[in-house]
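Just so we're aligned: 92 in my numbering is position 92 of the sequence shown, and the numbers increase by one with no gaps anywhere.
Shown next, in structure tokens, is the structure this report addresses.
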Amino acid sequence: MAETPVPPAAPNPPPAPTPQVAIELPVNLEAVYSNLALITHSPSEVVIDFARVLPNTPKSRVYARVIMTPLNAKLLLRALADNLGKYESQYGEIIIPTHLADQLFKPPKPE
């Protein structure tokens, strides 16, 4: 008995193109300098407060707050890791001084 030929599998269709989103960057948008980020979360959102700590100043101030979903926070983490990897490939490893890490990651002193 002769075998029935099996037709070749159809090739996978190419993935649908990702729709492009137009991003507007207003000309009067002010940049915010931050050297400290405070991050908190709930089950449904991640809150990042961007603050500025100045030498010989007992208080710092939050200048911007960004609230996002945990999924968007994870995508931001991935994008930051990717971009910092590219930065370090071009300019060298970013070294965090031990004393700076101790200062930044200690809980704030109660007032």
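Using N, Cα and C, we set each Cβ at its ideal position, and we do this for glycine too.
Please read these numbers as outputs of a predicted model, since none were measured by experiment.
Residue i, DSSP secondary structure in three states
| i | result |
| --- | --- |
| Ala16 | coil |
| Thr98 | helix |
| Ala31 | coil |
| Ala81 | helix |
| Asn88 | In the sequence under discussion, the amino acid at residue 88 is Glu, which differs from the Asn named in the question. Residue state, collapsed to three classes: helix. |
| Leu76 | helix |
| Leu71 | helix |
Residue range of the unbroken alpha helix (DSSP H) whose run includes residue i
| i | result |
| --- | --- |
| Tyr63 | Counting along the chain, Tyr63 falls outside any alpha helix (DSSP H), though it belongs to the beta strand (DSSP E) covering 61-68. |
Min CB distance residue i to chain B below 9 Å
| i | result |
| --- | --- |
| Leu71 | You won't find chain B in this structure, because it holds only one protein chain. |
Of the listed residues the options, nearest to residue i (C-alpha basis)
| i | options | result |
| --- | --- | --- |
| Ala31 | Met68, Ala51, Ile94, Ala22 | Ala51 |
| Pro70 | Ile39, Thr18, Pro97 | Ile39 |
| Lys74 | Asn28, Ser34, Ile48 | Ile48 |
| Tyr33 | Ile95, Gln20, Val6, Arg61 | Arg61 |
| Val46 | Ala37, Ala9, Ala22 | Ala37 |
| Tyr63 | Pro15, Pro19, Asn35, Pro97 | Asn35 |
Endpoints, beta strand (DSSP E) assigned at residue i
| i | result |
| --- | --- |
| Val6 | Note, Val6: premise wrong, no beta strand (DSSP E); not H, not E. |
| Ile48 | 46-52 |
| Thr40 | 36-41 |
Own chain partners of residue i with C-beta closer than 8 Å, once the 5 adjacent residues on each side are dropped
| i | result |
| --- | --- |
| Ile94 | Leu84, Tyr87, Glu88 |
| Leu54 | Ser60 |
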